[in-house]
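Chains as they are written, first to last, in UniProt numbering: chain A, 1 to 231; chain B, 1 to 231; chain C, 1 to 231; chain D, 1 to 231.
Below is one structure, written out as structure tokens; comments come after it.
Protein chains: 4
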Amino acid sequence: MIVRMGRPRTKSAPKLPTTTRGRRTREGLIVAGREILERQGWPGFTPEAVAQVAGVSYGTFYTYFESKEDLLHSVLRSVAGEMFTSSLVPPDTTDDPYTRLVESNRRYLRAWDRAAKVVRIVEQGAVADEGLRQMVLEIRELYVSRSTEGIRRLQEAGLANPGLEPRLTAIALGSMVEQVGHVIDTLAEAYDEDAVVDHLSRLWAAAIGLRGAPDEGWTADPRGSGSAAAG
Amino acid sequence: MIVRMGRPRTKSAPKLPTTTRGRRTREGLIVAGREILERQGWPGFTPEAVAQVAGVSYGTFYTYFESKEDLLHSVLRSVAGEMFTSSLVPPDTTDDPYTRLVESNRRYLRAWDRAAKVVRIVEQGAVADEGLRQMVLEIRELYVSRSTEGIRRLQEAGLANPGLEPRLTAIALGSMVEQVGHVIDTLAEAYDEDAVVDHLSRLWAAAIGLRGAPDEGWTADPRGSGSAAAG
Amino acid sequence: MIVRMGRPRTKSAPKLPTTTRGRRTREGLIVAGREILERQGWPGFTPEAVAQVAGVSYGTFYTYFESKEDLLHSVLRSVAGEMFTSSLVPPDTTDDPYTRLVESNRRYLRAWDRAAKVVRIVEQGAVADEGLRQMVLEIRELYVSRSTEGIRRLQEAGLANPGLEPRLTAIALGSMVEQVGHVIDTLAEAYDEDAVVDHLSRLWAAAIGLRGAPDEGWTADPRGSGSAAAG
Amino acid sequence: MIVRMGRPRTKSAPKLPTTTRGRRTREGLIVAGREILERQGWPGFTPEAVAQVAGVSYGTFYTYFESKEDLLHSVLRSVAGEMFTSSLVPPDTTDDPYTRLVESNRRYLRAWDRAAKVVRIVEQGAVADEGLRQMVLEIRELYVSRSTEGIRRLQEAGLANPGLEPRLTAIALGSMVEQVGHVIDTLAEAYDEDAVVDHLSRLWAAAIGLRGAPDEGWTADPRGSGSAAAG
DNA sequence: AATGAATGAGGCTTCATTCAT
DNA sequence: GATGAATGAAGCCTCATTCAT
Numbered sequence: 001m002i003v004r005m006g007r008p009r010t011k012s013a014p015k016l017p018t019t020t021r022g023r024r025t026r027e028g029l030i031v032a033g034r035e036i037l038e039r040q041g042w043p044g045f046t047p048e049a050v051a052q053v054a055g056v057s058y059g060t061f062y063t064y065f066e067s068k069e070d071l072l073h074s075v076l077r078s079v080a081g082e083m084f085t086s087s088l089v090p091p092d093t094t095d096d097p098y099t100r101l102v103e104s105n106r107r108y109l110r111a112w113d114r115a116a117k118v119v120r121i122v123e124q125g126a127v128a129d130e131g132l133r134q135m136v137l138e139i140r141e142l143y144v145s146r147s148t149e150g151i152r153r154l155q156e157a158g159l160a161n162p163g164l165e166p167r168l169t170a171i172a173l174g175s176m177v178e179q180v181g182h183v184i185d186t187l188a189e190a191y192d193e194d195a196v197v198d199h200l201s202r203l204w205a206a207a208i209g210l211r212g213a214p215d216e217g218w219t220a221d222p223r224g225s226g227s228a229a230a231g
Numbered sequence: 001m002i003v004r005m006g007r008p009r010t011k012s013a014p015k016l017p018t019t020t021r022g023r024r025t026r027e028g029l030i031v032a033g034r035e036i037l038e039r040q041g042w043p044g045f046t047p048e049a050v051a052q053v054a055g056v057s058y059g060t061f062y063t064y065f066e067s068k069e070d071l072l073h074s075v076l077r078s079v080a081g082e083m084f085t086s087s088l089v090p091p092d093t094t095d096d097p098y099t100r101l102v103e104s105n106r107r108y109l110r111a112w113d114r115a116a117k118v119v120r121i122v123e124q125g126a127v128a129d130e131g132l133r134q135m136v137l138e139i140r141e142l143y144v145s146r147s148t149e150g151i152r153r154l155q156e157a158g159l160a161n162p163g164l165e166p167r168l169t170a171i172a173l174g175s176m177v178e179q180v181g182h183v184i185d186t187l188a189e190a191y192d193e194d195a196v197v198d199h200l201s202r203l204w205a206a207a208i209g210l211r212g213a214p215d216e217g218w219t220a221d222p223r224g225s226g227s228a229a230a231g
Numbered sequence: 001m002i003v004r005m006g007r008p009r010t011k012s013a014p015k016l017p018t019t020t021r022g023r024r025t026r027e028g029l030i031v032a033g034r035e036i037l038e039r040q041g042w043p044g045f046t047p048e049a050v051a052q053v054a055g056v057s058y059g060t061f062y063t064y065f066e067s068k069e070d071l072l073h074s075v076l077r078s079v080a081g082e083m084f085t086s087s088l089v090p091p092d093t094t095d096d097p098y099t100r101l102v103e104s105n106r107r108y109l110r111a112w113d114r115a116a117k118v119v120r121i122v123e124q125g126a127v128a129d130e131g132l133r134q135m136v137l138e139i140r141e142l143y144v145s146r147s148t149e150g151i152r153r154l155q156e157a158g159l160a161n162p163g164l165e166p167r168l169t170a171i172a173l174g175s176m177v178e179q180v181g182h183v184i185d186t187l188a189e190a191y192d193e194d195a196v197v198d199h200l201s202r203l204w205a206a207a208i209g210l211r212g213a214p215d216e217g218w219t220a221d222p223r224g225s226g227s228a229a230a231g
Numbered sequence: 001m002i003v004r005m006g007r008p009r010t011k012s013a014p015k016l017p018t019t020t021r022g023r024r025t026r027e028g029l030i031v032a033g034r035e036i037l038e039r040q041g042w043p044g045f046t047p048e049a050v051a052q053v054a055g056v057s058y059g060t061f062y063t064y065f066e067s068k069e070d071l072l073h074s075v076l077r078s079v080a081g082e083m084f085t086s087s088l089v090p091p092d093t094t095d096d097p098y099t100r101l102v103e104s105n106r107r108y109l110r111a112w113d114r115a116a117k118v119v120r121i122v123e124q125g126a127v128a129d130e131g132l133r134q135m136v137l138e139i140r141e142l143y144v145s146r147s148t149e150g151i152r153r154l155q156e157a158g159l160a161n162p163g164l165e166p167r168l169t170a171i172a173l174g175s176m177v178e179q180v181g182h183v184i185d186t187l188a189e190a191y192d193e194d195a196v197v198d199h200l201s202r203l204w205a206a207a208i209g210l211r212g213a214p215d216e217g218w219t220a221d222p223r224g225s226g227s228a229a230a231g
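Below, the structure is given as structure tokens:
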């Protein structure tokens, strides 16, 4: 996807804008770049298209960015920032672990929904670009480490299966949520968000053996306690 | 486009080879195409590169394929075929559900490992190509439906939580396995296969509440029963 | 073709230039295209050759034209425009029909001389391009209808054979002039323009039975009145 | 149209076939070549297409022809031969000059109808190929000289305007007939053959002042004597 | 800063011709 | 002779980037 990524940068890096107008133009290009990536994918992500969507001439693109890849980095940074803020579960929520898990999964799913498009596109290019790979890794790490900590705390509180390695478990369950979002989106399976969030949360809870979760000791209630969503 | 000042585009579709030599050349191009896709991704997937890897001139490429995309279809078909055969769990294996699950996950993980690269690349292009989308969907469906059936049987046998919707569950857990393979591979998390397969299988089993699985009733054995692999 | 693994072909249509420089470059490409068509015919008409003659890089070609064929349209339009203006007989000329006829034929011959080359080339391609066919038709129609009117007026004035269908006659005699220009040019018959114009005019006049034309009642003067040019 | 025509022939010319089968294959290729030229024009005239229409493999093409252009020469020769035989007015026809003229024009028109397609295509290539130019010239010459002789005889017999230069006149009137055929065909003017032949013949006759032709002394009969065909 | 014209490396594809079988 | 696979020069076009205004 990304072709000439390793080439030596001999060029003077475009400086950050000093004026307000310049800053706005630059932001506009990043927003436009992200929109295009999300809507048209990598092949549509051309400086000309980005400039057009941003409403500036294509020459202007190079006033703010050294190259396409430079913009891609900025877009990815912006995506990462947004994801971080939008997916946090506010601290004033209930203390019930399962409820928090459900809420967390819902936010995660929504946040990834947009981010994943960009991340997946970037991953293709990351093969040849160490910088991109680092950034993707950092974004994932953000979630994995947060989730790892959550699992560890539950284990320490005796609320989750202590036999599980927390990080690998976090990776696995985070992968599940991310990929489900992608699969359902891409392949147009007709599940609604609530059904998906419900199932993911129950599977997640059961997987780590969360105490007090809906499916705990399902034998007692052969009909299950959750809503069995249909496809 | 305005005009094709030429004959009506009949574009004699590249015929399947009639001779053995031709068949071998064609196969070679598909193999080469797959290798390049896996190693260099879409941008490296040029007719010229493919032909070079296959050891023929680029003109030969067009003896057998209409276009780059035509070859992509063939590569994807080949990947699908290989995945199908290589990921089946031989019927003469044990009847213990958990053992079967472990074996199935191991095979799935291995098979997806190569296929996923191609599938992910193709997915990017699938946005604009109904044919590709169909093929990706079919490949996934293969696994989802097989897995859905497995879950349903376990539920009917009273061995798994009957409150789960089998297909959504299959999608979620399949997603987990697929994405874990990708994340670990791409982001170079240093887990070995056994640890990963073990954890995935335990998470999977616990998620569906599989009777007789290692983590069933983990409270009884606070140390857990599985090997807690570390990163 | 199977797939365009890329963004939906929006193919931002080459815009008309907004600056003077751009306009000049565009004109230059049209002029260059015409020159090449006339001198080297269709096979020489490559974007690269045109750009070279115009003194720009071939990339610039695509700044102004979507394709080779797009330029062809522009060239043809330019040829048509030039023909129209250059072949009009100024209104202040004599009223003597034969003198007007001679003048008209001379201009027609000259104008067609260059245009015909382009028109004939275009006709080959017109088989597959409705737009081109239309343009060729319009160019011809310009002359046919003008000529048809001329004949009709002469008939109504009692100066020409009223038994002739004006339009078919106009087509036939126009065809004669056009094709004579071509044959003489292509096959290098060594007639000079005056001799040709003289003969064509006399044949034309006699064909429609024009009153007062040189060959009217030729028996009275067995030596004829015109110059008998030799090959 | 014809690209690399001047390149030195270093190749051993394919010999004429010795066997009957070979001769038939060769003829078949010529016929196929002509069909393709007429139906699809120059761009469709590829060795592969020709071979396919002829029902042989494309390798076989080069058994009989050195190159595409070699075949073109053969096709043109075949067209020339056919035209010659098909357009002769049988000697046992009436001696009335006008009737012979009408018959001659009708045959000419029909014969050119097919030939002209090929001739016009070839003319495009003739720019760069001396051999082709010669052949086209010879085909035309056939008609021009025959027609020149006809006119000269009429003049000597006192039946046509002796003030006209016979060859230039022959070229002009022959051009008229040829081009009318083309214009009507290409631009789809809806005249039927009889109307066209009638008009062409009357124009031709009047142009040379043929004694005893329908429009001679049209003033005596203001309604004209011919059928005024309409479009 | 902004503009938009200009550049040219590089990609995809065609097709006339050659060659091994 | 016949076959059809193989070849590669040459064409068309895209698009990231530079540059003159």
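Where a beta carbon is used, it is the ideal one built from N, C-alpha and C, also for glycine.
* Nearest to Ala195/A by CA position, among Thr169/A, Ala207/A, Leu109/A, Asp92/A, is which residue? -> The option with the nearest alpha carbon to Ala195/A is Leu109/A.
* Taking 8 Å as the threshold, find out whether the region 161-178 of chain D comes into contact with the region 134-145 of chain D through three or more Cβ pairs. => They touch, by the three-pair rule.
* Report yes or no: is there a C-beta of chain C within less than 9 Å of the C-beta of Leu173/D? => Taking CB atoms only, Leu173/D has a neighbour in chain C less than 9 Å away.
* Decide if Ile36/A is buried, meaning its Cβ has at least 16 other Cβ atoms within 10 Å, or exposed. => buried
* Taking the CB atoms as reference points, tell me whether Thr25/B and Thr60/B lie closer together than 9 Å. => yes
* Asked: Would you say Ile184/C touches the ligand NAP, meaning its beta carbon is less than 8 Å from a heavy atom?
  -> Looking for the ligand NAP in the displayed structure turns up nothing, as the structure carries no ligands at all.
* Asked: Secondary structure at Asn105/B, three-state DSSP: helix, strand or coil?
  -> helix
* **Closer than 9 Å to chain A by CB, Ala13/B** => For Ala13/B, the closest Cβ of chain A is not nearer than 9 Å.
* Euclidean distance between Cα positions of Gly174/D and Met176/C -> In a straight line, the C-alpha of Gly174/D is about 8 Å away from that of Met176/C.
* **Under 8 Å from the C-beta of Asp192/A: neighbouring residues of chain B** => Correct list: empty, because the minimum Cβ distance to chain B is about 11 Å.
* To do: Quick one: list the residues of chain D neighbouring Thr186/C, beta-carbon separation under 7 Å, in chain order.
  => Glu123
* Using a C-beta cutoff of 9 Å, does Asn105/A count as contacting chain B? -> no
* Residues of the region 146-158 of chain D whose Cβ lies closer than 7 Å to any Cβ of chain C, in chain order -> none
* To do: Check Ala128/A in the structure and name its three-state DSSP category.
  => coil
* Asked: What number of angstroms, rounded off, separates the C-alpha of Asn161/A from the C-alpha of Tyr191/A?
  -> 30 Å
* Length of the line joining the Cα atoms of Gly181/D and Arg23/C -> Straight through space, the alpha carbons of Arg23/C and Gly181/D are spaced by roughly 41 Å.
* Asked: In chain B, what lies closer than 7 Å to Asp215/A by C-beta?
  -> Asn161, Gly163, Gly209
* Length of the line joining the Cα atoms of Arg34/A and Pro97/B -> Cα-Cα distance, rounded: 46 Å.
* **Option in Tyr64/A, Gly28/A, Leu71/A, Glu27/A with minimal Cα separation from Thr46/A** => Leu71/A
* Taking all protein chains shown into account, do 16 or more other C-beta atoms lie within 10 angstroms of the C-beta of Leu132/B, making it buried, or fewer, making it exposed? -> buried
* **8 Å contact criterion, which Ile30/C and Ala80/C should meet: CB distance rounded** => The Cβ separation is near 12 Å, so there is no contact.
* Among Ile121/B, Gly217/B, Arg39/B, nearest to His73/B - alpha-carbon criterion -> Ile121/B
* **Distance, Ala51/D Cα to Ser57/D Cα** => 6 Å
* To do: Name, please, each residue of chain C whose Cβ falls closer than 7 Å to the Cβ of Trp218/D.
  => Listed along the chain, the chain C residues whose CB falls inside 7 Å of the CB of Trp218/D are Asn161, Gly163, Gly209.
* Asked: Residues in its own chain within less than 8 Å of Ala228/A by CB, not counting five upstream and five downstream?
  -> No answer about Ala228/A holds up, because its pLDDT of 38 lies below 50 and its placement is not dependable.
* Asked: Which value, in whole angstroms, describes the spacing of the CA atoms of Lys117/C and Gly158/D?
  -> 39 Å
* Could you check what DSSP says for Ser57/D in three-state terms: helix, strand or coil? => Coil.
* To do: To the nearest angstrom, report how far apart Glu189/D and Val183/D are at their CA atoms.
  => 8 Å
* chain B residues whose Cβ lies nearer than 9 Å to that of Leu132/A -> Those within 9 Å of Leu132/A in chain B number zero; the least Cβ separation is about 11 Å.
* With 9 Å as the threshold, decide whether the Cβ of Met176/D is near any Cβ in chain C. => yes
* Tell whether a beta-carbon distance below 9 Å holds between Met83/D and Ala111/D. => Contact annotation: Met83/D and Ala111/D have beta-carbon atoms nearer than 9 Å.
* To do: Kindly indicate which three-state DSSP category Tyr98/B falls into: helix, strand or coil?
  => helix
* Taking the continuous alpha helix (DSSP H) assigned at Lys15/C, which residues delimit it? -> No alpha helix (DSSP H) holds Lys15/C; DSSP gives it neither H nor E.
* Asked: In the UniProt domain "HTH tetR-type" (23-83) of chain C, which residues sit with their C-beta less than 8 Å from some C-beta in chain D, listed in chain order?
  -> Gln40, Gly41, Trp42, Pro43
* Asked: Rounded to the nearest angstrom, how far is the Cβ of Leu76/B from that of Met135/B, given a contact under 8 Å?
  -> Sure, about 5 Å apart at Cβ, within 8 Å.
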